[in-house]
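Below: the structure, in structure tokens.
In the working numbering, the protein residues as written are 1 to 275.
Okay, here's the thing in structure tokens:
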């Protein structure tokens, strides 16, 4: 619930709709639009990571021990970084190629765009429910036997077989694509709310010496072409940024963290760094 509330909050700040959600900031803390945009993009990514909507009883999968390729890990780390890092290592050419093209999720993108236009920020709850369902039905289960994974006794670990890894990898890569497509939908809507599309009208200032009669006037491109171009550019930037962050896995702590109760705190005073 705190995740979707935070999404509403930062969307509201950027779309000039502060009534959507209010979060109490520490005294003296001010967010610029750039700060809000960074939080919004990061949180949409979190929304599509199923273990971020896991269960407190097992610390969102951190208490479920796994053995993956002779190394020890947890269910949370498996979905949070091990799957993607393994794909980068095993098939770097694939990871940095065109697999992130929007056409891979074109149907889902068009459906989500139509639903967002109709339901707005209520879609954050819909997408959260999708991830929760994925966590319950897939991430917390052995994909081969369908048995539920739970914290084992000391020394006991679930062995992640090749078959299990491939099944989880397929789901995780699809969620990455959906996160990028949905980020494009949200950002496009923010631009629309802020009337940023008027930038395309060009300048209203007459430039001295400009010879209007020499300007070749062409019919404007159809609306769908403009929208498609905008979506593709945003997808390229967002997915590229996501892949870069996943590769770097920076250990540096942010200056400000968002706590589970929906408030912010100084990272130096708060050890919790995840929602």
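Note that beta-carbon positions come from the ideal geometry of N, C-alpha and C, so glycine has one too.
Note that the structure is predicted; figures quoted are calculated from it, not measured.
Where residue i sits in the DSSP three-state scheme
{"i": "residue 149", "result": "coil"}
{"i": "residue 31", "result": "coil"}
{"i": "residue 194", "result": "coil"}
{"i": "residue 24", "result": "coil"}
{"i": "residue 121", "result": "coil"}
{"i": "residue 48", "result": "coil"}
{"i": "residue 15", "result": "coil"}
{"i": "residue 97", "result": "coil"}
Residues sharing a beta bridge with residue i, DSSP
{"i": "residue 66", "result": "73 and 158"}
{"i": "residue 141", "result": "148"}
Cβ-based burial, residue i [other Cβ within 10 Å; buried from 16]
{"i": "residue 29", "result": "exposed"}
{"i": "residue 57", "result": "exposed"}
{"i": "residue 93", "result": "exposed"}
{"i": "residue 9", "result": "buried"}
{"i": "residue 144", "result": "exposed"}
{"i": "residue 112", "result": "buried"}
{"i": "residue 96", "result": "exposed"}
Residues near residue i in its chain [Cβ-Cβ closer than 8 Å; skip 5 each side]
{"i": "residue 157", "result": "65, 66, 67 and 72"}
{"i": "residue 62", "result": "74, 75, 76 and 77"}
{"i": "residue 79", "result": "49, 50, 51, 61, 139, 168 and 172"}
{"i": "residue 115", "result": "123 and 126"}
Close-in-space but distant-in-sequence residues of the same chain around residue i (CB under 7 Å, 5 per side omitted)
{"i": "residue 303", "result": "Given a span of 1 to 275 for the chain in the structure shown, any question on residue 303 remains unanswerable."}
{"i": "residue 151", "result": "58, 63 and 64"}
{"i": "residue 167", "result": "143"}
Own chain, CB closer than 6 Å to residue i, minus 5 neighbours either side, in chain order
{"i": "residue 190", "result": "14 and 15"}
{"i": "residue 7", "result": "43 and 124"}
{"i": "residue 159", "result": "67"}
{"i": "residue 18", "result": "12"}
{"i": "residue 127", "result": "47"}
Practice task
Kindly confirm or deny that the stretch 66–74 and the stretch 34–46 touch, where touching means at least three C-beta pairs closer than 8 Å.
Solution key: no
Handout entry: Cβ contact check for the stretch 162–173 and the stretch 79–98: 3 or more pairs under 8 Å
Key = yes
Practice task
Report yes or no: do the stretch 107–117 and the stretch 176–191 share at least 3 C-beta pairs separated by less than 8 Å?
Solution key: yes
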